[in-house]
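Participant: Just dropping this structure here.
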Amino acid sequence: MNAEAVLKKAEALRLSSRLLTHVKEKAIESLLLFAALTSVAITVGIVGVLVYESIGFFRHISLLEFLTDTQWTPLFSEPHYGILPLVCGTVVTTVVALLVAVPMGSLIAIYLSEYAARSMRETIKPALELLSAVPTVVYGYFALLFVTPALQTLWPDVPGFNMLSAGLVIGIMIVPYVSSVSEDAMRAVPVHLREGAFALGATRMQTALRVVFPSALSGITAAYVLGISRAIGETMVVAIAAGMQPTLTWNPLEPAATMTAYIVQVSLGDLPHGSVGYQTIFATGLTLLLMTLVFNVAGHVLKKRYRQVY
Amino acid sequence: MWLDMFLKSDIDKSINPNVVRRRILRSRLRDRLFALGGLVVMAAACLVLLALLLQLAYDGMGRVSWQFVISYPSRFASQAGILSAWIGTILVMFLTALTAIPLGMGAAVYLEEYAPKNWMTDLIEINIANLAGVPSIVYGLMALGLLVYEFHLGQSFLTAGLTLAMLILPMVIIATREALRAVPPQIREAAYAVGATKWQTVRDHVVPYSMGGILTGMILALSRAVGETAPLITVGALSFIAFLPHSPLTLEFPFLSFQWLFDPFTVMPIQMFNWISRPQDEFHINAAAAGVILLLMTLAMNALAITVRARFRKRIHW
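First to last, the protein sequences are chains A and B. Position 106 of the first sequence, counted from 1, bears residue number 106 in the numbering used here, the numbering being contiguous throughout. Quick note, the numbering used here runs 310 ahead of the 1-based positions in the second sequence.
Written as structure tokens, this is what we have:
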């Protein structure tokens, strides 16, 4: 009888400890789920804040004026709220950056993946990735105090602030991103495709350009899109080197503010919370976010379309 | 008949050994030139960057001194220093790490080990991929609207730390997930086989084995945060702070003070930006000196990450 009671008690204890373990496991799982959901909360926060403040902005300024006015002077006594000059500045610096980064990044990627010896690849690639750790404000210093004076020795009448030097430096800055991701994509192309090309008598260049590059196009497109998205969102280089004056011009030798530079400029001053001037940076930020979103989505779509299964 | 002859002569012509040889030579030459071009472009990219870094060091090294490190910013370029900036950077990084690392690791463990395949998991995954592509200044705007004005945290260390934590969270999650994925499933199965619960498996096996990769990812993410400028300008970093925040340690009970969390802040890149945007050359030299120190900080963190990765890789053999 006594033994039976002890057994019963032991059984109950075992059950309750199992229950406890179960509860603890569940609690931990929900804690981890909570951590995962914070990332969603951040997105909700970003979209929520930008949309909320932009609604306040568009209550004062019509969407039509925002999109078609060719002047951006929200802080003047006679304010104009046309986003075009800022978008134009962003587009010009981004295009200049891409003209540098896409050819250079692609060539470096092809060289590293198809020509370079293993030891060389193993040293160059981490070194290039290390460069992406250089703070952007340091790149801004280069653009203003190194590239611009260099340009001025070529063309003496280049102004101290110009989009060209900012664009060139952003281009150099994103070369490691473009080359690193494209190289990964090209290395993922199976060796037997290369061997097939070699067997037909193709040189390495022919193999690289006509077999490997097209097969890796999905990853390479993703690399370009990543680069574009970075160049659009880049802030410090343009804020330091491209000037703060919103100007509607396609000439990269002129100074002009980008969307990001404008946000920095307003943040450096102290505009009262809730004023239209304060809301302009959120409307600008929303435009910026939408532009990068378009590129990210386009990248995903392209990636799917070109994806080949080996 | 005529067509037949024509074709034959054409084939004869194209297998003429001289033509073929010339062709091969030409494409080999092109191949060589292409390889040379690739090498030149790569060398050019590396050289340009090296030249820029050397220029920065050349401009700034003369200004780097102990006095520079322990002085507050000043109106006079020759007396200005970075004391408030580097202390600010350390405090902000501390807050960032304290927030981003547990949240990022938790999220990664959930997604990699727990998450069922359903719409919510898909949503979180897509969301993280997209967050990684959001420009950093947008995080600053969000922090300005939400943390500064909605939660009334002010333009403080706390706001700065949380802003950067949100910014690097996707990076931390992605790096941790990669590290967890590298642990072979047999390890987990072995743990389950001896009766471990899921959490015990994760805590005692999966996470410790992937610690090398996780640590590397964390250090790299933090080194990115050290150099971030734009989001902190947006939340209102001050670039001229000639005082230190309240000390986190006090002499009286309970010896810890959280007053510093709400003090105004500055960090290294902000200080550097402030000096760059002044017109005088003397301040540009200060900026270069701050840049040298900032660069050394990030490079040291990256070197640490590489060492950590190498050490852990050596220790674990599957």
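Virtual Cβ for every residue (Gly too), placed ideally from N, Cα, C.
Under a three-way DSSP split, which group does P574 of chain B fall into?
Facilitator: The residue labelled residue 574 of chain B in the question sits at position 264 within the second sequence. Strand, per DSSP.
Participant: Check the Cβ-Cβ distances between A27 of chain A and every residue of chain B, and say whether any is below 7 Å.
Facilitator: Taking the first residue of the first sequence as 1, we reach residue 27 of chain A at position 27. Output row for A27 of chain A: interface = no.
Participant: H60 of chain A and V276 of chain A: beta carbons closer than 7 Å?
Facilitator: Locating residue 60 of chain A in the first sequence gives position 60, counting from the first residue. Locating residue 276 of chain A in the first sequence gives position 276, counting from the first residue. Cβ atoms of H60 of chain A and V276 of chain A: closer than 7 Å.
Participant: Does the distance from the C-beta atom of A540 of chain B to that of I447 of chain B stay below 7 Å?
Facilitator: Taking the second sequence and counting its residues from 1, the one referred to as residue 540 of chain B is at position 230. Taking the second sequence and counting its residues from 1, the one referred to as residue 447 of chain B is at position 137. Yes, they are a contact pair.
Participant: Between which two residues does the alpha helix (DSSP H) harbouring F57 of chain A extend?
Facilitator: Your numbering for residue 57 of chain A matches position 57 in the first sequence. Counting along the chain, the alpha helix (DSSP H) containing F57 of chain A begins and ends at 2-60.
Participant: Is it the case that the stretch 196-213 of chain A contacts the stretch 239-249 of chain A, given that we only count it when at least three CB pairs across the two stretches are under 8 Å?
Facilitator: Cβ pair count under 8 Å is below three, so no.
Participant: Taking Cβ positions only, does R337 of chain A come closer than 7 Å to chain B?
Facilitator: One cannot answer for residue 337 of chain A here, as it falls past the ends of chain A, which runs 1 to 310.
Participant: Thinking C-beta only, is F66 of chain A closer than 7 Å to Y311 of chain A?
Facilitator: Residue 311 of chain A is absent from the structure shown; chain A starts at 1 and stops at 310.
Participant: Look up Y81 of chain A in the DSSP assignment and say whether it is helix, strand or coil.
Facilitator: Counting from one through the first sequence, the residue named residue 81 of chain A turns up at place 81. DSSP, read as helix, strand or coil, puts Y81 of chain A in strand.
Participant: Less than 7 Å between CB atoms is the rule here; does H515 of chain B satisfy it with respect to chain A?
Facilitator: Numbered from its first residue, the second sequence carries residue 515 of chain B at position 205. No - not a single Cβ of chain A is within 7 Å of the one on H515 of chain B.
Participant: Using only alpha-carbon positions, find the residue among A:I281, A:N2, A:L217 that is nearest to V301 of chain A.
Facilitator: Numbered from its first residue, the first sequence carries residue 301 of chain A at position 301. With distances taken between Cα atoms, V301 of chain A lies closest to A:L217.
Participant: Comparing the C-beta of T539 of chain B with each C-beta of chain A, is any distance below 7 Å?
Facilitator: As a first step, residue 539 of chain B is located in the second sequence; it is residue number 229 there, counting from the start. Interface residue, yes.
Participant: Jot down the residue ranges of each uninterrupted alpha helix (DSSP H) in the stretch 196-249 of chain A, minimum 4 residues, whole runs only, in chain order.
Facilitator: 204-207, 217-233, 236-241
Participant: Give me the residue from A:L37, A:A222, A:T68, A:T221 with the minimum Cα distance to L433 of chain B.
Facilitator: Reading the second sequence from its first residue, position 123 is the one you call residue 433 of chain B. With distances taken between Cα atoms, L433 of chain B lies closest to A:L37.
Participant: Buried or exposed for V504 of chain B, going by 16 or more other Cβ atoms inside 10 Å?
Facilitator: Translated into the one-based positions of the second sequence, residue 504 of chain B becomes position 194. It counts as exposed.
Participant: DSSP on S466 of chain B, reduced to helix/strand/coil?
Facilitator: Within the second sequence, numbered from 1, the residue matching residue 466 of chain B stands at position 156. In the structure shown, S466 of chain B sits in a strand (DSSP, three-state: E or B).
Participant: Please report the distance separating the alpha-carbon of A367 of chain B from that of G171 of chain A.
Facilitator: Position 57 of the second sequence holds residue 367 of chain B. Position 171 of the first sequence holds residue 171 of chain A. Approximately 22 Å, taken between the alpha carbons.
Participant: Counting only the same chain and skipping the five closest in sequence on each side, list residues whose C-beta sits under 8 Å from that of H594 of chain B.
Facilitator: As a working mapping, residue 594 of chain B is identified with position 284 in the second sequence. Excluding residues within five positions, the ones whose Cβ falls inside 8 Å are D369, W585, I586, R588.
Participant: What does the alpha-carbon distance come out to for the pair G285 of chain A and R534 of chain B?
Facilitator: The residue given as residue 285 of chain A occupies position 285 in the first sequence. The residue given as residue 534 of chain B occupies position 224 in the second sequence. Their Cα atoms are separated by approximately 22 Å.
Participant: Using a Cβ-Cβ cut-off of 7 Å (strictly less than) and excluding sequence neighbours within five positions of L451 of chain B, which residues of its own chain qualify?
Facilitator: Translated into positions along the second sequence, residue 451 of chain B becomes position 141. When the five nearest sequence neighbours on each side are left out, the beta carbons in the same chain lying within less than 7 Å of the beta carbon of L451 of chain B are those of T544, in order along the chain.
Participant: Locate the alpha helix (DSSP H) running through Q377 of chain B, then write down its first and last residues.
Facilitator: The count along the second sequence starts at 1 and reaches residue 377 of chain B at position 67. Looking at the DSSP string, the run of the alpha helix (DSSP H) that includes Q377 of chain B is 376-379.
Participant: Of all the residues that make up the stretch 242-273 of chain A, which are near chain B by a beta-carbon distance shorter than 7 Å?
Facilitator: T260, I263, V264, S267, L268, H273
Participant: What does the alpha-carbon distance come out to for the pair V402 of chain B and F378 of chain B?
Facilitator: Here residue 402 of chain B is taken as the residue at index 92 of the second sequence, counted from 1. Here residue 378 of chain B is taken as the residue at index 68 of the second sequence, counted from 1. Roughly 21 Å separates the two Cα atoms.
Participant: Please tell me whether G471 of chain B and L405 of chain B are closer than 7 Å, where the distance is taken between their beta carbons.
Facilitator: Within the second sequence, numbered from 1, the residue matching residue 471 of chain B stands at position 161. Within the second sequence, numbered from 1, the residue matching residue 405 of chain B stands at position 95. In contact: G471 of chain B and L405 of chain B (Cβ atoms closer than 7 Å).
Participant: Is T507 of chain B closer than 7 Å to E29 of chain A when the C-beta atoms are compared?
Facilitator: Here residue 29 of chain A refers to the residue found at position 29 when the first sequence is read from its first residue. Here residue 507 of chain B refers to the residue found at position 197 when the second sequence is read from its first residue. Not closer than 7 Å, so no.
Participant: If you follow the alpha helix (DSSP H) that R632 of chain B is part of, which residue opens it and which one closes it?
Facilitator: Nothing in the structure corresponds to residue 632 of chain B, since chain B is present only between 311 and 628.
Participant: DSSP three-state call for W72 of chain A: helix, strand or coil?
Facilitator: Here the question's residue 72 of chain A lines up with position 72 in the first sequence. In the structure shown, W72 of chain A sits in a strand (DSSP, three-state: E or B).
Participant: For the putative contact between A231 of chain A and L98 of chain A, defined by C-beta atoms under 8 Å, what is the C-beta separation to the nearest angstrom?
Facilitator: Along the first sequence, read from residue 1 onward, the residue named residue 231 of chain A stands at position 231. Along the first sequence, read from residue 1 onward, the residue named residue 98 of chain A stands at position 98. Yes, they are in contact, since the Cβ atoms of A231 of chain A and L98 of chain A sit about 7 Å apart, within 8 Å.
Participant: Please go through the stretch 371-439 of chain B and give each complete alpha helix (DSSP H) segment of 4 or more residues, from N-terminal end onward.
Facilitator: 376-379, 393-419
Participant: Counting only beta-carbon atoms, is P149 of chain A nearer than 7 Å to chain B?
Facilitator: Taking the first sequence and counting its residues from 1, the one referred to as residue 149 of chain A is at position 149. No, its Cβ sits nowhere closer than 7 Å to a Cβ of chain B.
Participant: At least one CB of chain A closer than 7 Å to the CB of A395 of chain B: is that the case?
Facilitator: As a first step, residue 395 of chain B is located in the second sequence; it is residue number 85 there, counting from the start. No, because no Cβ of chain A sits closer than 7 Å to the Cβ of A395 of chain B.
Participant: With a cut-off of 7 Å, does the C-beta of R18 of chain A fall near any C-beta of chain B?
Facilitator: Walking along the first sequence from the start, residue 18 of chain A turns up at place 18. No, R18 of chain A does not count as interfacial toward chain B.
Participant: Which term fits K125 of chain A, buried or exposed, when burial requires 16 or more other beta carbons within 10 angstroms of its beta carbon?
Facilitator: Taking the first residue of the first sequence as position 1, residue 125 of chain A is located at position 125. So K125 of chain A ends up on the buried side.
Participant: Kindly list the residues whose CB is nearer than 6 Å to the CB of M163 of chain A, restricted to its own chain and excluding five residues on each side of it in sequence; keep chain order.
Facilitator: By 1-based counting over the first sequence, the position of residue 163 of chain A is 163. Cβ neighbours of M163 of chain A beyond the five flanking positions: V92, T93, A242, P252, A256.
Participant: Going by CA-CA distance only, name the one from B:P579, B:S381, B:G416, B:I392 that's closest to S39 of chain A.
Facilitator: The count along the first sequence starts at 1 and reaches residue 39 of chain A at position 39. The residue with the shortest Cα to Cα distance from S39 of chain A is B:G416.
Participant: Determine, for N162 of chain A, whether the minimum Cβ-Cβ distance to residues of chain B falls below 7 Å.
Facilitator: Working through the first sequence from its first residue, we reach residue 162 of chain A at position 162. At a cut-off of 7 Å between beta-carbon atoms, N162 of chain A makes no contact with chain B.
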